[in-house]
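Numbering (the working numbering), first residue to last: 85 to 291.
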């Protein structure tokens, strides 16, 4: 995936444009599942995965979905980005507020896992591991949609070295990560939904 992103940059597609396309793709898949007045929960972690999750949250808010965001320590967002989401009606919850996290999970129809992406290596560390456990425990009532890959699985090898999200569906962006097709990671993916984010075939030809 990093090679795919590099190919996109080489083709003149900015990182910001890729993030906007990624967030829109995820938001569109959420809307396929959404029911009016039902809440959507977005769990925002580190790096580009967290940023893509925030873009998806903004798309959802701008198109009428009520959104709660659970933000992990050292999350990917700047204060002004959080303020913009709040101005649109988003509720921002610290991952360290266990009561609020539990309430948000109980009130959600759909939860978007944007905790950890392709850059994560090894087992999820705290508090992400605890958030993954809480998300998994809520799956009877909440549809868990993973952004690009379920947090805690290795995008290349398919290893699951520790706690990991069990997704009902996974929107994978650009090229399908090979690790998602390998066990044990494949068991965590749910329905695999590849989405094009506009990187031209010519830019991918030599990958």
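Positions of the beta carbon are idealized from the N, C-alpha and C atoms, including for glycine.
Local conformation of residue i per DSSP, three classes
i: residue 155; result: strand
i: residue 85; result: For residue 85, the predicted model reports a pLDDT of 46, less than 50, meaning its position is unreliable and no value from the coordinates is stated.
i: residue 178; result: strand
i: residue 238; result: coil
i: residue 147; result: coil
i: residue 289; result: Interpretation of residue 289 is limited by its pLDDT of 45, a score under 50 that renders its predicted location unreliable; the figure taken from the coordinates is listed afterwards. Residue state, collapsed to three classes: coil.
i: residue 115; result: helix
i: residue 205; result: coil
Neighbourhood of residue i by C-beta distance below 6 Å, restricted to the same chain and skipping five residues each side
i: residue 192; result: 123, 125, 226
i: residue 279; result: 109, 255, 257
Straight-line Cα distance separating residue j from residue i
i: residue 240; j: residue 216; result: 20 Å
i: residue 257; j: residue 131; result: 15 Å
i: residue 248; j: residue 235; result: 6 Å
i: residue 120; j: residue 219; result: 22 Å
i: residue 282; j: residue 110; result: 14 Å
i: residue 169; j: residue 206; result: 31 Å
i: residue 100; j: residue 128; result: 17 Å
i: residue 144; j: residue 274; result: 22 Å
i: residue 230; j: residue 183; result: 23 Å
Beta bridge counterpart(s) of residue i as assigned by DSSP
i: residue 278; result: 256
i: residue 197; result: 127, 230
i: residue 192; result: 123
Heavy atom of the ligand ADP within 7 Å of residue i beta-carbon
i: residue 276; result: What this structure holds is no ligand at all, so the ligand ADP is not there to describe.
Integer Cβ distance of residue i from residue j, believed to fall under 8 Å
i: residue 263; j: residue 228; result: Actually they do not touch by this definition, with Cβ atoms about 18 Å apart.
i: residue 106; j: residue 136; result: 4 Å
i: residue 250; j: residue 194; result: Wrong, their Cβ atoms sit about 15 Å apart, outside the cutoff.
i: residue 133; j: residue 200; result: 6 Å
i: residue 212; j: residue 156; result: 6 Å
Beta-carbon proximity list for residue i, same chain, < 8 Å, skipping 5 on both sides
i: residue 261; result: 85, 202, 232, 233, 239, 240
i: residue 147; result: 111, 115
i: residue 104; result: 139
i: residue 243; result: 237, 263, 268, 269
i: residue 277; result: 113, 253, 254, 255, 256
Minimum Cβ-Cβ distance from residue i to chain C less than 8 Å
i: residue 150; result: The structure shown contains no chain C, having only a single protein chain.
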